[in-house]
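Undergrad: Handing you this structure, nothing more for now.
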Amino acid sequence: MRLLLLLTALLALQLVGGQDDYCFGKDAEREQTRHFTSKTAYQIVKGTNMDKQYQVPGCEPKKMWIFHRHGTRLPTPNTIRAAPRLEDLRDQIVKNYRVLRTKPETNALCSTDLIAIQMWKWNTSITVDIEEHLTTQGYEDLRGTAKVYQHYYPTVLPTRYNDSYYLFRHTDTQRTTESFKGFTEGLFGDNTVATAADIPEQDLLLRPYDYCNDFKDKNYKGEGSEYQKYRTSAIWNRTVDDITKRLGFTFLAEEDIELMYDMCRYEQAWQVDRTSVWCGAFLPEQVTVLEYAEDLKYYYGSGYGFEENTKFNCRAVQDMLTRLSSPVSPHVIAYFAHSTGLQTLLTALGINKDDVALRADNYNSMTSRRWKTSLLGPFAGNFVAVKYECTEALEKEKVVFFLNQNAVELDWCNVGLCDWSQVLEHYKTISEANCDEYYCRSGAMAGRASLLFTALIAAIVYLMH
Ligand SMILES: *[C@@H]1O[C@H](CO)[C@@H](O)[C@H](O)[C@H]1NC(C)=O
Ligand SMILES: *[C@@H]1O[C@H](CO)[C@@H](O)[C@H](O)[C@H]1NC(C)=O
Ligand SMILES: *[C@@H]1O[C@H](CO)[C@@H](O)[C@H](O)[C@H]1NC(C)=O
Numbered sequence: 020m021r022l023l024l025l026l027t028a029l030l031a032l033q034l035v036g037g038q039d040d041y042c043f044g045k046d047a048e049r050e051q052t053r054h055f056t057s058k059t060a061y062q063i064v065k066g067t068n069m070d071k072q073y074q075v076p077g078c079e080p081k082k083m084w085i086f087h088r089h090g091t092r093l094p095t096p097n098t099i100r101a102a103p104r105l106e107d108l109r110d111q112i113v114k115n116y117r118v119l120r121t122k123p124e125t126n127a128l129c130s131t132d133l134i135a136i137q138m139w140k141w142n143t144s145i146t147v148d149i150e151e152h153l154t155t156q157g158y159e160d161l162r163g164t165a166k167v168y169q170h171y172y173p174t175v176l177p178t179r180y181n182d183s184y185y186l187f188r189h190t191d192t193q194r195t196t197e198s199f200k201g202f203t204e205g206l207f208g209d210n211t212v213a214t215a216a217d218i219p220e221q222d223l224l225l226r227p228y229d230y231c232n233d234f235k236d237k238n239y240k241g242e243g244s245e246y247q248k249y250r251t252s253a254i255w256n257r258t259v260d261d262i263t264k265r266l267g268f269t270f271l272a273e274e275d276i277e278l279m280y281d282m283c284r285y286e287q288a289w290q291v292d293r294t295s296v297w298c299g300a301f302l303p304e305q306v307t308v309l310e311y312a313e314d315l316k317y318y319y320g321s322g323y324g325f326e327e328n329t330k331f332n333c334r335a336v337q338d339m340l341t342r343l344s345s346p347v348s349p350h351v352i353a354y355f356a357h358s359t360g361l362q363t364l365l366t367a368l369g370i371n372k373d374d375v376a377l378r379a380d381n382y383n384s385m386t387s388r389r390w391k392t393s394l395l396g397p398f399a400g401n402f403v404a405v406k407y408e409c410t411e412a413l414e415k416e417k418v419v420f421f422l423n424q425n426a427v428e429l430d431w432c433n434v435g436l437c438d439w440s441q442v443l444e445h446y447k448t449i450s451e452a453n454c455d456e457y458y459c460r461s462g463a464m465a466g467r468a469s470l471l472f473t474a475l476i477a478a479i480v481y482l483m484h
């Protein structure tokens, strides 16, 4: 009898042991979905404290300046073309587990996650002709942020539109145009009432990086960059190896891992309340290793990694300062743009700057870093400056900066509330700069380059005659 009990207990233990594997599909927290860098879903990381942050005693909100990244989009053409490969990987993983029996002893896929992978299918309606288009969720993201801000600031964001009070502009892409429509539908209930300002030939305000070769050519992800060094580090290699083994492989190309990771992140953002099948392939601690690689890339690409990056959004900063300083309309200025624009704006403003630089060799000591692009620039990431008028206070003008519905903490402000005079003082260099020369080391490339080109053509024409 005793022996039988013992045997039963042992058997039960073993069964439980088999179920010890981490299960993404059964995890209520799904912490790793908060670490998907620029492919993080807005709904997962947005702030939840605006209730306590929007009211400023003795002050009236008057004006608002918004820089909004587009919402969740479809993949880039390369990812769309590569996606059918995931069906091979799906079949190979199932075969590894069920036929070849190469399931690892520890950290294996739990059966729920394995079955989910087995049932996965690529949505063949997603074709390259709709690459990077805004998704339904992406539209909802923007409709949602508009409603949230309107809820807190009904007097600044009235439901009745006119084009002197409101100024909207988006870049020349489907995803920002649709984002603008989602946002205005959120505000006015109908996305056809509002119009957006014309997009200039050279969009230096919303896409300055398109007109500066120095910005594009700097080495932020190539040979010798911190990003590349990290991707050949021991911790990276170990993680790649762990993911490979976890899926039952002895070798797995890094491109395949990236593809699975991308699909995980996209699908999670497309359907926020569901679990993305491919996310099951990655353990939370593996995701944070992958996250750091992209944080490094963005840190040197658009962040504090290179001093010049702090200058790039010269025009957007000036635009914000000028418009919020002026008492006249437009009272609401909203721009719909991209991740690089948002990140360089934050960098220009000194937001979330770390004391220690992110490097290939300091992953372990930087776990509490401020530069986390998952929180800074998720899909539909947005920076909102709310200008207040305070009749009672000594300082009549104040501002609160919000990033993804969280009041931004700057050490020269008072728990998120900044004196406008301090803001002007703090960003004096950039506000007094001539952006044509300031934002790009070699000057406004586009203008200069075309001048040089014209001169060259003229010389050739001259020589030929
Ligand atoms: C497949 O993708 C298309 C295009 O984005 C979308 O409209 C459709 O809802 C998707 N189907 C499923 C089942 O997710
Ligand atoms: C535009 O809307 C604002 C805010 O509702 C209002 O104060 C202003 O009078 C309107 N202007 C015009 C020209 O309708
Ligand atoms: C990691 O792997 C790469 C290529 O597979 C190799 O070049 C590199 O030396 C490895 N790094 C370490 C620290 O072992």
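Per this note's numbering, numbering of the sequence shown is gapless, rising by one per residue and ending at 484. Yeah, the Cβ is synthetic: ideal placement off N, Cα and C, and Gly gets one too.
Relative to ligand 2, what is the chain-ordered list of residues with a Cβ closer than 5 Å to any of its non-hydrogen atoms?
TA: Matched residues: P177, N181 and Y184.
Undergrad: Out of R104, T410 and C437, point me to the one whose CA is closest to K140's CA.
TA: With distances taken between Cα atoms, K140 lies closest to R104.
Undergrad: Please name the residue in E151, V403, E310 and K166 whose C-alpha comes closest to that of T386.
TA: Here the closest residue by C-alpha is E310.
Undergrad: Thinking C-alpha only, which one of I85, E286, T294 and M69 is nearest G400?
TA: Here the closest residue by C-alpha is I85.
Undergrad: Smallest Cα separation from E414: which of C78, A135 and T146?
TA: Nearest C-alpha to E414: C78.
Undergrad: Taking 7 Å as the cut-off, is the CB of S252 close to at least one heavy atom of ligand 4?
TA: The model on display carries ligand 1, ligand 2 and ligand 3 but not ligand 4.
Undergrad: Just tell me which of T329, T294 and A312 has its CA closest to the CA of A47.
TA: Nearest of T329, T294 and A312 to A47, Cα basis: T294.
Undergrad: Taking only runs of the beta strand (DSSP E) that begin and end inside the stretch 104 to 150, which ones reach a length of at least 3 residues, in chain order?
TA: For the stretch 104 to 150, not a single whole beta strand (DSSP E) run of length 3 or above is found.
Undergrad: Among K45, Q51, Y41 and G396, which one has its Cα closest to the Cα of V306?
TA: When only C-alpha atoms are compared, the closest one is Q51.
Undergrad: Do T329 and A356 have their beta-carbon atoms positioned less than 8 Å apart in this structure?
TA: Not closer than 8 Å, so no.
Undergrad: What are the start and end residues of each continuous beta strand (DSSP E) run of 3 or more residues lying completely inside the stretch 351 to 379, in chain order?
TA: Within the stretch 351 to 379, the complete beta strand (DSSP E) runs of at least 3 residues are 351 to 356.
Undergrad: Is N256 near ligand 3, judged by its Cβ being under 7 Å from some heavy atom?
TA: Yes, the Cβ of N256 comes within 7 Å of a heavy atom of ligand 3.
Undergrad: Could you name the residues of the same chain whose beta carbon sits closer than 6 Å to that of G205, not counting the 5 residues immediately before and after it, in chain order?
TA: Only R162, A165 and K166 meet the Cβ criterion.
Undergrad: Find out if the Cβ-Cβ distance for the pair L315, E245 is shorter than 8 Å.
TA: Yes, the pair counts as a contact, with Cβ atoms nearer than the cut-off.
Undergrad: Provide the residue span of the beta strand (DSSP E) that contains F234, from first to last.
TA: Not the beta strand (DSSP E): F234 falls in the alpha helix (DSSP H), residues N232 to D236.
Undergrad: Flag this pair as yes or no: are the beta carbons of A60 and Q287 separated by less than 8 Å?
TA: It is a contact, given that the beta carbons lie within the stated cut-off.
Undergrad: Taking three-plus beta-carbon pairs below 8 Å as touching, is the stretch 436 to 456 in contact with the stretch 92 to 107?
TA: Segments in contact, no.
Undergrad: Starting from the C-beta of M83, find all residues in its chain whose C-beta is less than 6 Å away, skip the five residues before and the five after it, and write them out in chain order.
TA: So the list reads V175, V351 and V405, once near-sequence residues are dropped.
Undergrad: Using DSSP with H/G/I as helix, E/B as strand and the rest coil, what is P80?
TA: Here P80 sits in strand by DSSP.
Undergrad: Measuring CB to CB, does Y171 end up less than 8 Å from M339?
TA: Cβ distance not < 8 Å, so Y171 and M339 don't count as in contact.
Undergrad: Would the C-beta of S244 count as close to ligand 1, meaning under 7 Å from any of its heavy atoms?
TA: Not so, every heavy atom of ligand 1 lies at least 7 Å from the Cβ.
Undergrad: Mapping DSSP to helix, strand and coil, what is A404?
TA: If DSSP states are grouped into helix, strand and coil, A404 belongs with the strands.
Undergrad: Am I right that K240 and Q247 are in contact with their C-beta atoms under 8 Å? What's the rounded C-beta distance?
TA: Their Cβ separation, rounded to whole angstroms, is 7 Å, which keeps K240 and Q247 in contact under 8 Å.
Undergrad: Using the C-alpha atoms, what's the distance from Q156 back to V259?
TA: Roughly 31 Å between the two C-alpha positions.
Undergrad: The alpha helix (DSSP H) that contains L206, what's its start and end?
TA: L206 -> alpha helix (DSSP H) spans Q193 to F207.
Undergrad: Can you name, in chain order, every residue of its own chain whose Cβ lies under 6 Å from the Cβ of D40, other than the five neighbours on each side?
TA: Around D40: A127 and C129.
Undergrad: Report yes if the C-beta distance between P123 and K235 is below 8 Å; otherwise report no.
TA: Taking 8 Å as the Cβ cut-off, P123 and K235 do not qualify as a contacting pair.
Undergrad: Give me the DSSP bridge partner(s) of C437.
TA: Note: C437 sits in a beta bridge opposite V418.
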